[in-house]
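Numbering (our numbering), first residue to last: 2 to 199.
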């Protein structure tokens, strides 16, 4: 478990330097949580009470469209944060699901403890803002990719910039919905890339 806290500290100091006292204050607010493959961290209709740092594993955030199809919007993996932000920020029912694709080890901080840190440590506001800004930037980049780039280029960028565990552990259907294409289209793209490599 100590390794998970080291990972968290490394990620946070990427945004702001921390004294030992500041780190201990933050560390005390996070708690360990393990979830098994296929378990839900959050379901539609539940309130997202925690911001989760992924120490190990892979999670998928998705929602259901009008036909009931699952649309993947985010993958959470080692050294990243997962949260249903509209639900977390406003403490209202989520329209998203967050589900583990592998066994996962998380460090979680509850909404109230996030608010407590705002009062106790001014630097936390800067750290939190930058974490959220990173997430927003990723969302904007994905929106651009979905709207502006052809299917093959979307997959190329996932290979180049995505975390390897997504390609190793996520089902093709999940990756396809994340890229805004059908599973059949993704299979054709992968087949072409395989043939081109020979």
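Glycine is no exception: its CB is placed at the ideal position from the N, C-alpha and C atoms. Just so you know, these numbers come straight off a predicted model, no measurement behind them.
Residue closest to residue 33, alpha-carbon to alpha-carbon, out of 22, 53, 113 and 49: 53
Excluding sequence positions up to five away, which residues of its chain have a Cβ less than 8 Å from the Cβ of residue 6? Contacts found: 28, 31 and 108.
Taking just the CA atoms, how far does residue 117 sit from residue 22? 16 Å
The segment 69-87 in contact with the segment 97-112 per 3-pair CB rule at 8 Å: Touching, yes, given that three or more Cβ pairs across the two stretches are closer than 8 Å.
On the DSSP bridge assignment, give the partners of residue 29 in chain order. Partner(s): none; residue 29 has no beta bridge.
Do you know whose CA, among 24, 9, 135 and 61, lies nearest residue 176's CA? 61
Quick one: is residue 14 buried, meaning 16 or more other Cβ sit within 10 Å of its Cβ, or exposed? exposed
Do you know how far the Cα of residue 50 is from the Cα of residue 191? 38 Å
In angstroms with no decimal places, state the Cα-to-Cα distance between residue 46 and residue 94. Rounded to the nearest angstrom, the two C-alpha atoms are 5 Å apart.
Is it a yes or a no for the segment 66-73 touching the segment 164-180, going by three-plus beta-carbon pairs under 8 Å? Yes: at least three Cβ pairs fall under 8 Å.
Short Cβ contact (8 Å threshold) for residue 48 with residue 92: yes
In the DSSP output, what is residue 65 paired with across the bridge? 71
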